[in-house]
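Residue numbers (this note's numbering): 5 to 128.
Beta carbons are placed, not taken as given, at the ideal position from N, Cα and C, and that holds for glycine.
Keep in mind that this is a model prediction, so the values were computed, not measured.
Okay, structure first, notes after.
In structure tokens form, the structure reads like this:
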């Protein structure tokens, strides 16, 4: 049973790596998510993807993983506030799924930081 429970860490980490790498695919699939008031839309797509990948590597190798998990939670909350809520208010019902998904993942990232992360050099 313990080996199955140990899979939980990897089942949490790996999707963020995949999501991150998907940000480096064709930008026509993600460009519409970036708010119009932000300049350099392609930069933000690549930057957010790099942040997701950085969390995955940090957590996989337990280096600054607590800091990375807290920053991941912050990134996900920023997604909710800057992307999902405004688009939901405009009438895009699918964005409600994004609101709850990213909020749940932010909560999970904070739980990861508190209960799983090993490297506490930056955040005690």
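- The C-alpha of residue 49 is placed about 11 Å away from the C-alpha of residue 42.
- An exposed status is given to residue 119, since fewer than 16 other beta-carbon atoms sit within 10 Å of its beta-carbon.
- By the Cβ test, the segment 92-104 is not in contact with the segment 52-64, since fewer than three Cβ pairs between them sit closer than 8 Å.
- Under the DSSP assignment, residue 93 falls in the alpha helix (DSSP H) whose first and last residues are 89-93.
- In the DSSP annotation of this structure, the continuous segment of the alpha helix (DSSP H) that includes residue 109 starts and ends at 98-119.
- Distance check between residue 73 and each of 96, 13 and 45 places 13 closest, using alpha-carbon atoms only.
- Residue 19 carries a helical assignment under DSSP once its states are collapsed to helix, strand and coil.
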